[in-house]
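Sequence positions in the sequence shown follow our numbering and run 1 to 642.
The C-beta atom is built at its ideal place from N, Cα and C for all residues, glycine as well.
These notes concern the structure reproduced below.
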Amino acid sequence: MLLDTSLPQLDHVFEYRIPESLFGHVRVGSKVSVPLRGGARFSDAYVTALSDKPEFTGDLQFIEKVISPISLLKPDTLDLARKIADRQAGSAMDVLRLIIPARYVRAEKAFLAEPVKPKQYSGEIPEKPSEFTALDVSAGSRLALKVPPRLEVTSQVTMSNWAELFVSLAVEQLVKGSSAVLAVPDFREIEKLEQALIAAGLEGHFIRVDAKLSGQERYVNYLRSLTEEPLIIVGNRSATLAPAHNVGLVVVWDDGDHNFEEPLAPYTHARDIALVRQSLSGCSLLFASHTRSLETQRLVELGFFSEVPVSEVDQPEIVLTDAHLEEGTTPSRIPSAAWLGAKKALDRGPVLVQVASPGFSPALVCSGCNERATCSSCHGPLHLAHRNSSPSCRWCGNLNASWACQGCGGKQLRPIAAGTERTSDEIGRAFPGVKVIVADGQHIITSVPATPAVVVATPGAEPVAEGGYAAILLLDGERLRGREAFRVDEDVLRNWSNTIALAKPDATVFINGAGLALGQTLVESAQVRWAAHELADRMQLHLPPAVRVVSISGSAEMVRTTCDELPPLAGHRVLGPVGQADGSSRALVFFEYKDGEKLATHLRAAVVTSATRSKKPPASSERAARVLRLRVRFDDPDIDSL
């Protein structure tokens, strides 16, 4: 029995006795209710095994009741959860909470009343796009694919070549009687795959797994995934955990996207989940993207993954606008060449303009002394969401209508950067009569027609244009690359490569502020070469992903003691502990991959010890009353703040 509890000290199997009234109703995978201690409290639990010979020699408590008549936990799902938890020094139940959705009784009864009959796919396997003819997904293969950008335009829909490829590979698995898991970063890519699957006549053969569904829909889809029906499972990072009958293929699209980072314990990246799942099931595994993440490049250089050769396709022309500047000339935000290119392209279709930030102005300064304007409450940066709105804080959201500069006392603010709203105003004045569309977090647009228009979007929010964009302007390169982030160049290259893939083959892409290295990489479509060079630098500096990293948080004494008591590791480094804004301390430990199991076991024991330590905090203040427990996070992506 595995208890549904967040207490780390209870992350192991318990034994309970089945009462006679529940004989035949309790099965492996059943969700039940069991008493705790003297029976005053109850906890949900999952049955992991049945035996007529208990290991515990004392008196066993009885199961209280069976919550669901369906076995909700498959043995291979439990094995996957346990493996992931052990790798991340977490609890198996934390992983299972990410897999098994909340129960809906009405939906469950309807599902049992009309069980889904497995459907045999009888159609033909769609052809792969011509550039992927060399791709052979054999059983158990591990492949890395750099996808050349190309849009497939039909009378019905504009499709990305990778979506067509995934549909073809998934149907190959259906014909074999196996399931396929297709994991993509967010709902935009999920909708692209849905369109491709429906266009291929697969509407009854796939299910969706993501937060856009209602709770009841997610539960019904989960129940269907438990059946012996080969399915195509489409979703975000949750899809890599979803149960599937006889899974034959797992595909992860654009594994470098930060949406694949799980924000809940045990914080496992979808890429790592896919790797663990492949090792347990022996299925095929494909990592595909327009760029190459450094983690995937490392696996290729180790020989663990095979690189797939692809045929070249016609690609848009890349123009680096800052490469044409004369010495001593200050670059403009939208160079004249980009203006002229956009004006000519509007005769052939829509034009995309990508900017760094949403809103009217993401940064403000004092008009008198040019000091950066900050919030009077939390000292965060102020911005304007709209032209006539009051300045508000980007951190806490407070309005600062009566703002005054602490330096000179001035009360006038001046915008120093342009967001989507301000850029759309400028473009509207430059191109009178042309429709201007804003697409960002507040204005979600997934597609635009082929008619002439200018689309102003933030990174990741770009809609797909029917037939592709006639021209693309990538602005604010200096701002995007100037962020203080460990993976800033990798993120910018990935985003720009994905945006370029939305253009027509004969389009022109203008990039402002790309810099020499990223600019040449995009001009030559050499993302794999850039990833290899960047990985070599990381190896010399012993930085992720050349090595792994774990963050240890808690009280200063606790973190220091934990770091001092680490087991013997080859060449590990400890940075910190450093005090954090919430009063805790944090340290980073860099270590070799081969030491991951040993370190995870040790830190898991430290977490359990911290959780079971009874220490009554002083009640002198609310801050002092908070107990700081030890927390560990393997492969922590946020290593910039130390």
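#1: Over the uninterrupted alpha helix (DSSP H) stretch that includes CYS563, give me the two end residues.
#2: Are the beta-carbon atoms belonging to ARG538 and ALA546 less than 9 Å from one another?
#3: Is there contact between the segment 440-455 and the segment 125-140, where contact requires at least three CB pairs shorter than 8 Å?
#4: Helix, strand or coil, according to DSSP, for LYS74 in the structure here?
#5: In the DSSP assignment, find the alpha helix (DSSP H) that holds PHE187 and state where it starts and stops.
#6: Name, in chain order, the residues that DSSP records as bridge partners for SER584.
#7: Would the beta-carbon of HIS386 fall within 9 Å of that of ALA363?
#8: Which same chain residues, not among the five before or five after GLY650, have their C-beta less than 6 Å away from its C-beta?
#9: HIS258 by DSSP, collapsed to three states: which one?
#10: From the DSSP secondary-structure annotation, give me the bridge partner or partners of THR508.
#11: Taking only three categories from DSSP, how would you classify ASP94?
#12: Give me, in chain order, the residues of the same chain whose beta-carbon lies closer than 6 Å to that of GLY328; leave out the 5 immediate sequence neighbours on both sides.
#13: Which of helix, strand or coil does DSSP assign to THR374?
#14: Counting only runs that start and end within the segment 201-285, where is the beta strand (DSSP E) found for 3 or more residues in a row?
#15: Let's see if you can read the secondary structure: which residues bound the beta strand (DSSP E) around LEU22?
#16: Can you round the beta-carbon distance between SER284 and LEU249 to whole angstroms, since I take them to be within the 8 Å contact cut?
#17: Would you say GLY219 and TYR104 are within 9 Å of each other, going by their C-beta atoms?
#18: Tell me which residues share the same chain as SER620 and place their Cβ nearer than 7 Å to its Cβ, disregarding the 5 neighbours each side in the sequence.
#19: What does the Cβ neighbour count give for ASP257, buried or exposed, with the cut at 16 atoms within 10 Å?
#20: Would you give the residue range spanned by the alpha helix (DSSP H) that ALA457 belongs to?
#21: Let me know if VAL116 comes out buried or exposed under the rule of 16 or more other beta-carbons within 10 Å of its beta-carbon.
#22: So PHE42 is in the beta strand (DSSP E); what residue range does that whole segment cover?
#23: LEU174 by DSSP, collapsed to three states: which one?
#24: Taking the continuous alpha helix (DSSP H) assigned at THR499, which residues delimit it?
#25: Between which residues of its own chain and LEU603 is the CB-CB distance below 6 Å, once the five residues before and five after are set aside?
#26: Whose CA, out of ALA342, LEU628, LEU151, lies closest to the CA of VAL319?
#27: Can the beta-carbon of VAL436 be found closer than 9 Å to that of VAL456?
#28: Determine, using beta carbons only, whether VAL182 and VAL234 come nearer to each other than 9 Å.
#29: Helix, strand or coil, according to DSSP, for MET1 in the structure here?
#30: Check this for me: beta carbons of ALA406 and GLU371, under 9 Å apart or not?
#31: State the Cα-Cα distance for the pair ALA471 and ASN495, rounded to the nearest angstrom.
#32: Use the C-beta contact count for ALA605: other C-beta atoms within 10 angstroms, 16 or more gives buried, fewer gives exposed.
#33: Out of LYS146, ILE198, THR521, which one is the CA nearest neighbour of VAL252?
#34: Among residues of its own chain, excluding the 5 on either side of THR493, which ones have a beta-carbon nearer than 7 Å to its beta-carbon?
#35: The beta strand (DSSP E) that contains GLU152, what's its start and end?
#36: Just grab the DSSP bridge partners of GLN354 for me.
A quick look at the data gives this:
#1: Your numbering for residue 563 matches position 563 in the sequence shown. Here the alpha helix (DSSP H) through CYS563 covers 556-564.
#2: Within the sequence shown, the letter at position 538 stands for residue 538. Within the sequence shown, the letter at position 546 stands for residue 546. In this structure, the beta-carbon distance from ARG538 to ALA546 falls below 9 Å.
#3: In this structure the segment 440-455 does not touch the segment 125-140; the number of beta carbon pairs closer than 8 Å is below three.
#4: By 1-based counting over the sequence shown, the position of residue 74 is 74. When DSSP states are grouped into helix, strand and coil, LYS74 belongs to the coil group.
#5: The sequence position of residue 187 within the sequence shown is 187, counting from 1. Per DSSP, PHE187 belongs to the alpha helix (DSSP H) from 187-199.
#6: In the sequence shown, residue 584 corresponds to position 584, counting from 1. According to DSSP, SER584 bridges with nothing at all.
#7: In the sequence shown, residue 386 corresponds to position 386, counting from 1. In the sequence shown, residue 363 corresponds to position 363, counting from 1. Cβ atoms of HIS386 and ALA363: not closer than 9 Å.
#8: The requested residue 650 does not occur in the structure, where the chain is confined to residues 1 to 642.
#9: The sequence position of residue 258 within the sequence shown is 258, counting from 1. Three-state DSSP puts HIS258 in a helix.
#10: What you label residue 508 is simply residue 508 of the sequence shown in a count that begins at 1. DSSP lists GLU317, ALA471 as the beta-bridge partner residues of THR508.
#11: The count along the sequence shown starts at 1 and reaches residue 94 at position 94. Looking at ASP94 - three-state DSSP - the assignment turns out to be helix.
#12: As a first step, residue 328 must be located in the sequence shown, where it is residue number 328. In this predicted model, GLY328 has a pLDDT of only 48, less than 50, meaning its place in the structure is not dependable; the value taken from the coordinates is given anyway. Take GLY328, set aside five residues on each side of it, and no residue of its chain has a beta-carbon closer than 6 Å to its own.
#13: In the sequence shown, the residue the question calls residue 374 occupies position 374. THR374: strand per DSSP, three-state reduction.
#14: Runs found: 206-209, 232-235, 247-253.
#15: As a position in the sequence shown, residue 22 is number 22, starting the count at 1. Per DSSP, LEU22 belongs to no beta strand (DSSP E) and is neither H nor E.
#16: Position 284 of the sequence shown holds residue 284. Position 249 of the sequence shown holds residue 249. Rounded to the nearest angstrom, the Cβ distance from SER284 to LEU249 is 5 Å, consistent with a contact under 8 Å.
#17: Numbered from 1 along the sequence shown, position 219 holds the residue referred to as residue 219. Numbered from 1 along the sequence shown, position 104 holds the residue referred to as residue 104. Per the sequence shown, residue 219 should be read as Tyr rather than Gly. Cβ distance < 9 Å, so TYR219 and TYR104 count as in contact.
#18: Numbered from its first residue, the sequence shown carries residue 620 at position 620. Low local confidence applies: a pLDDT of 48 at SER620 is under 50, so the model's placement there is unreliable, with the coordinate-based value given in what follows. Counting only Cβ-Cβ distances below 7 Å, and skipping sequence neighbours, we find nothing.
#19: Taking the first residue of the sequence shown as position 1, residue 257 is located at position 257. Counting the other CB atoms within 10 Å of its CB gives ASP257 a total of 16 or more, which places it among the buried residues.
#20: Indexing the sequence shown from 1 puts residue 457 at position 457. That residue, ALA457, is in no alpha helix (DSSP H); its beta strand (DSSP E) goes 454-457.
#21: Translated into the one-based positions of the sequence shown, residue 116 becomes position 116. Result: exposed.
#22: Stepping through the sequence shown from its first residue, residue 42 is reached at position 42. For PHE42, the enclosing beta strand (DSSP E) stretches over residues 41-46.
#23: What you label residue 174 is simply residue 174 of the sequence shown in a count that begins at 1. Under the three-state reduction of DSSP output, LEU174 falls in the helix class.
#24: Translated into positions along the sequence shown, residue 499 becomes position 499. Where THR499 is concerned, the enclosing alpha helix (DSSP H) stretches over 488-500.
#25: Taking the sequence shown and counting its residues from 1, the one referred to as residue 603 is at position 603. Correct list, in chain order: ALA89, VAL632.
#26: The sequence position of residue 319 within the sequence shown is 319, counting from 1. The shortest C-alpha separation from VAL319 is found at ALA342.
#27: For the purposes of this step, residue 436 is taken as the residue at position 436 of the sequence shown. For the purposes of this step, residue 456 is taken as the residue at position 456 of the sequence shown. Against a cut-off of 9 Å, the Cβ pair of VAL456 and VAL436 comes out as a contact.
#28: Taking the sequence shown and counting its residues from 1, the one referred to as residue 182 is at position 182. Taking the sequence shown and counting its residues from 1, the one referred to as residue 234 is at position 234. The displayed chain sequence assigns Leu, not Val, to residue 182. It is a contact, given that the beta carbons lie within the stated cut-off.
#29: Counted from its first residue, the sequence shown places residue 1 at position 1. MET1 falls in the coil class under three-state DSSP.
#30: Taking the first residue of the sequence shown as position 1, residue 406 is located at position 406. Taking the first residue of the sequence shown as position 1, residue 371 is located at position 371. Reading the sequence as shown, one finds Gln at residue 406 and not Ala. For GLN406 and GLU371, yes; Cβs fall inside 9 Å.
#31: The residue labelled residue 471 in the question sits at position 471 within the sequence shown. The residue labelled residue 495 in the question sits at position 495 within the sequence shown. Approximately 17 Å between the Cα atoms of the pair.
#32: Stepping through the sequence shown from its first residue, residue 605 is reached at position 605. Result: exposed.
#33: Mapped onto the sequence shown, residue 252 falls at position 252. Residue LYS146 is the option with its Cα nearest to VAL252.
#34: Locating residue 493 in the sequence shown gives position 493, counting from the first residue. Note on residue identity: the sequence assigns Leu, not Thr, to residue 493. Around LEU493, the same chain offers THR291, LEU518, THR521, GLN527, TRP530 as residues with beta carbons nearer than 7 Å, after the five sequence neighbours per side are excluded.
#35: Taking the sequence shown and counting its residues from 1, one reaches residue 152 at position 152. Segment 151-153, the beta strand (DSSP E) holding GLU152.
#36: Here residue 354 corresponds to residue number 354 of the sequence shown, with the count starting at 1. Secondary-structure assignment with DSSP links GLN354 through a beta bridge to ALA457, LEU474.
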